[in-house]
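Chains as they are written, first to last, in the working numbering: chain A, 20 to 441; chain B, 20 to 441.
Glycine included, C-beta positions come from ideal geometry on N, C-alpha and C.
Worksheet for the structure shown next.
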């Protein structure tokens with residue numbers, strides 16, 4: 020099999036399908052989504068059988084338990100996929116939305132119309148549910164999709180793809196609207212990310228290594244999500260209970276997620292007052308603390324692992340029950356620290372002070388900036404996007420949780436009556 | 020001089036200046052813009068003197084007349100630059116604008132705030148006025164700028180840069196908000212486009228060669244403008260006089276511009292009725308016609324150069340008094356032809372038919388799609404953007420004329436009252 024030729028073929032088919040899809044009515048796209056949801060449920064036995072092949076192979080090749088868990092399908096997860104598709108069907112169609120349509124001095128009426136990007140390449144790792152999710156988001160936003168899942172999930176992904184193809188065709192759409200790459204050859208990814216003629220944007224979903232590798236080599240634009248080194252700053256005018264609740268939730272609600280807090284900054288004035296009761300809660304969750312000298316001194320009796328933070332700690336995404344803590348003079352030092360070490364994902368301030376809340380919102384350059392809320396809320400569903408294909412830590416095109424709108428662009432539309440330029 | 024080190028230094032200074040600028044009030048940015056405008060006028064003798072050095076050197080090195088004309092400053096052009104700055108000062112500040120601020124089911128109030136991109140690198144060719152324009156657009160949109168003009172304009176650009184620096188400082192802003200690269204060494208460009216740590220986006224302004232070279236080598240995102248192969252399709256239900264006026268204006272109003280029509284498509288039903296009177300007008304402007312066999316037959320008595328079009332003609336941006344003409348069966352063939360050959364810049368339909376106007380608007384995937392208007396209107400000023408830094412033929416981030424908003428991004432802002440995730 021000639022990989023280059025195979026990928027060009029997929030690309031050409033995707034371009035063609037994208038043109039059909041861009042002019043497809045909302046109802047037809049929704050019919051396809053609901054049909055695919057039904058087919059996934061109906062195909063449960065087959066999906067479990069195919070998934071089992073992947074799991075057996077994974078065990079043989081020595082995948083660890085966490086990876087096997089991500090790879091595994093069960094009835095509940097299949098229902099979850101179907102439910103996700105139904106939710107996307109229920110979302111408003113972003114395509115065709117016209118905004119800012121106004122008359123200009125020339126007499127022309129000029130506005131913007133939201134349009135699909137065209138063809139989207141999605142590269143992801145072991146979770147097979149991404150196949151359904153990503154296909155559905157692309158379909159609803161009018162984009163053709165080329166999907167490349169992890170090689171360890173190839174049987175599961177092909178089985179899900181079969182449901183998608185059947186659903187598309189039964190709704191009268193070309194099956195090439197969603198194409199799942201059938202080879203596990205790594206060269207396919209290399210081709211996919213370097214064919215701007217056929218692919219408009221790449222969305223990689225997975226670990227930092229995958230994303231860096233892809234964006235380092237892509238000639239197609241990449242919507243990327245690098246790390247999430249999220250900060251919470253507790254101001255000396257914070258409400259004590261809110262501060263403790265938020266700092267506890269942001270660290271311990273889930274550890275392995277990009278919107279978990281990794282560094283806690285506390286104003287010197289109320290550091291002891293906040294840190295002592297907060298640490299008592301962390302201790303129950305066996306959170307390891309990595310402290311600046313001042314917080315180390317305050318927390319010297321901590322009932323858990325506590326060490327002095329190194330410079331590297333401020334720059335680390337733990338994704339684990341580990342927290343670095345720094346006492347700062349006040350909001351300005353907090354903003355300085357965040358500007359230096361944040362990955363630009365999500366930062367929060369806890370304060371009752373009006374001016375400081377405004378200063379934090381204005382000066383922190385991250386994709387989400389919060390006042391008196393846990394960083395764990397940085398999420399497409401919580402933000403009302405309905406679904407998310409990822410969280411962008413880029414500044415260009417789209418920033419933060421990426422929903423349907425992030426998979427579209429806007430073109431100018433101009434209505435005249437025979438207007439010519441003078 | 021170590022170019023790499025010099026560029027990193029510029030980059031670090033730009034980052035620092037960008038942070039200051041991002042929190043600068045609108046009035047202070049406007050003060051700087053108006054001061055720079057005044058300084059340009061006051062410095063007219065010096066600007067003309069420095070410009071003369073460039074012109075002399077250009078003549079010696081054999082620059083052609085068109086290039087020398089673009090390079091030349093005179094009192095009127097300097098006044099034009101100053102006027103441009105005053106217009107940008109008068110525009111609304113895009114930074115800090117909050118949209119879609121809504122309560123979500125969690126009780127959090129979530130919206131988007133418009134923020135600067137950070138540091139913008141502008142690479143341009145001979146026109147020295149771009150130095151003032153680009154600096155002003157970046158300044159107003161809260162972005163630090165690193166400017167790299169053509170080496171043939173180095174004295175003019177440095178003289179303009181001196182006014183900018185003085186204006187910034189007199190308004191209390193760091194002079195590093197706008198930095199003009201002082202060396203003509205080509206390696207400086209290579210560094211600028213490969214330092215994503217210090218530069219957030221590159222805007223190249225110039226010929227296709229420059230832009231392809233830059234986007235082929237850049238690791239920083241590029242807002243690019245490739246060619247403009249713009250089409251006008253005259254439907255058989257077009258108003259004859261509107262059709263002739265638009266097709267004449269779109270081709271002959273200016274030849275060397277990206278929004279000029281390069282290919283005219285005419286419905287077979289009214290081809291002779293439109294083409295004969297239209298060609299009589301083109302003949303007066305000595306427009307060369309490159310025709311499909313059918314239009315060749317209709318226009319065989321054309322009083323000017325007329326040849327059969329080759330396949331390559333449909334794919335060529337003439338930027339000259341040359342027009343390719345094709346007779347098509349109707350709107351569907353027109354859309355097919357445009358989908359195949361358009362550069363995605365601007366296309367127009369002339370028709371009085373409601374459904375066809377809607378079909379054209381929906382199905383044409385170009386940055387501007389027009390009904391009954393000349394393609395020459397595709398322009399930031401005409402679109403009410405107030406000013407433009409270029410026209411993007413990309414789909415990602417920004418499409419079509421790029422004004423202040425295209426130089427910004429949006430971050431999510433979240434207001435809570437102690438909210439934690441359940």
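Sub-8 Å separation of residue i and residue j beta-carbons
{"i": "residue 385/B", "j": "residue 366/B", "result": "yes"}
{"i": "residue 285/B", "j": "residue 294/B", "result": "yes"}
{"i": "residue 242/A", "j": "residue 55/A", "result": "no"}
{"i": "residue 257/B", "j": "residue 369/B", "result": "yes"}
{"i": "residue 58/A", "j": "residue 178/A", "result": "no"}
{"i": "residue 60/A", "j": "residue 277/A", "result": "no"}
{"i": "residue 211/A", "j": "residue 140/A", "result": "yes"}
{"i": "residue 269/A", "j": "residue 297/A", "result": "no"}
{"i": "residue 361/B", "j": "residue 248/B", "result": "yes"}
{"i": "residue 151/B", "j": "residue 33/B", "result": "no"}
{"i": "residue 192/A", "j": "residue 51/A", "result": "yes"}
{"i": "residue 395/A", "j": "residue 146/B", "result": "no"}
{"i": "residue 400/B", "j": "residue 388/B", "result": "no"}
{"i": "residue 252/B", "j": "residue 431/A", "result": "no"}
{"i": "residue 433/B", "j": "residue 74/B", "result": "no"}
{"i": "residue 221/A", "j": "residue 416/B", "result": "no"}
{"i": "residue 262/B", "j": "residue 135/B", "result": "no"}
{"i": "residue 347/A", "j": "residue 353/A", "result": "yes"}
{"i": "residue 302/B", "j": "residue 275/B", "result": "no"}
{"i": "residue 218/B", "j": "residue 239/B", "result": "yes"}
{"i": "residue 94/B", "j": "residue 63/B", "result": "yes"}
{"i": "residue 406/A", "j": "residue 422/A", "result": "yes"}
{"i": "residue 186/B", "j": "residue 176/B", "result": "no"}
Under 9 Å by beta carbon: chain A residues contacting residue i
{"i": "residue 224/B", "result": "Correct list: empty, because the minimum Cβ distance to chain A is about 18 Å."}
{"i": "residue 265/B", "result": "435, 437, 438, 439"}
{"i": "residue 123/B", "result": "396, 401, 402, 403"}
Neighbouring residues, chain B, relative to residue i (Cβ below 8 Å)
{"i": "residue 261/A", "result": "436, 437"}
{"i": "residue 127/A", "result": "392, 396, 401"}
Contacts that residue i makes with chain A (C-beta to C-beta distance below 8 Å)
{"i": "residue 430/B", "result": "384, 385, 386, 387, 388, 418, 419"}
{"i": "residue 136/B", "result": "414, 415"}
Three-state secondary structure assigned by DSSP to residue i
{"i": "residue 250/A", "result": "strand"}
{"i": "residue 306/B", "result": "coil"}
{"i": "residue 282/B", "result": "strand"}
{"i": "residue 121/B", "result": "strand"}
{"i": "residue 132/B", "result": "strand"}
{"i": "residue 111/A", "result": "coil"}
{"i": "residue 48/A", "result": "helix"}
{"i": "residue 417/A", "result": "coil"}
{"i": "residue 300/A", "result": "helix"}
{"i": "residue 81/B", "result": "coil"}
{"i": "residue 73/A", "result": "helix"}
{"i": "residue 319/A", "result": "coil"}
{"i": "residue 314/B", "result": "helix"}
{"i": "residue 39/A", "result": "helix"}
{"i": "residue 260/B", "result": "helix"}
{"i": "residue 336/A", "result": "coil"}
{"i": "residue 437/A", "result": "strand"}
Within chain B, the residues that residue i reaches when beta carbons sit closer than 9 Å
{"i": "residue 42/A", "result": "378, 381, 382"}
Under 7 Å from the C-beta of residue i: neighbouring residues of chain E
{"i": "residue 220/A", "result": "Here chain E cannot be found, since the structure's protein chains are A and B."}
* To do: Determine which residues of the stretch 391-417 of chain A have a Cβ less than 7 Å from any Cβ of chain B, and write them out in chain order.
  => 391, 392, 393, 395, 396, 401, 402, 403, 414, 415, 416
* **beta strand (DSSP E) runs wholly inside the stretch 138-176 of chain A, at least 3 long, in chain order** => 138-143, 163-167
* In chain order, which continuous runs of the alpha helix (DSSP H) of length 4 or greater are located wholly inside the stretch 371-404 of chain A? -> 373-382
* **Inside the stretch 167-248 of chain A only - beta strand (DSSP E) runs reaching at least 3 residues** => 197-199, 220-224
* Cβ-based contacts, 8 Å cut-off: residues of the stretch 102-115 of chain B near chain A -> 115
* Members of the stretch 33-61 of chain B that neighbour chain A once the beta carbon cut-off is set at 8 Å -> 38, 41, 42
* **Proximal residues, the stretch 239-258 of chain B versus chain A, C-beta separation under 7 Å** => 240, 258
* To do: Could you name the residues of the stretch 267-293 of chain A whose beta carbon sits closer than 7 Å to any beta carbon of chain B, in the order they occur along the chain?
  => 268, 272
* Could you run through the stretch 351-364 of chain B and flag, in chain order, every residue whose CB is less than 8 Å away from some CB of chain A? => 358
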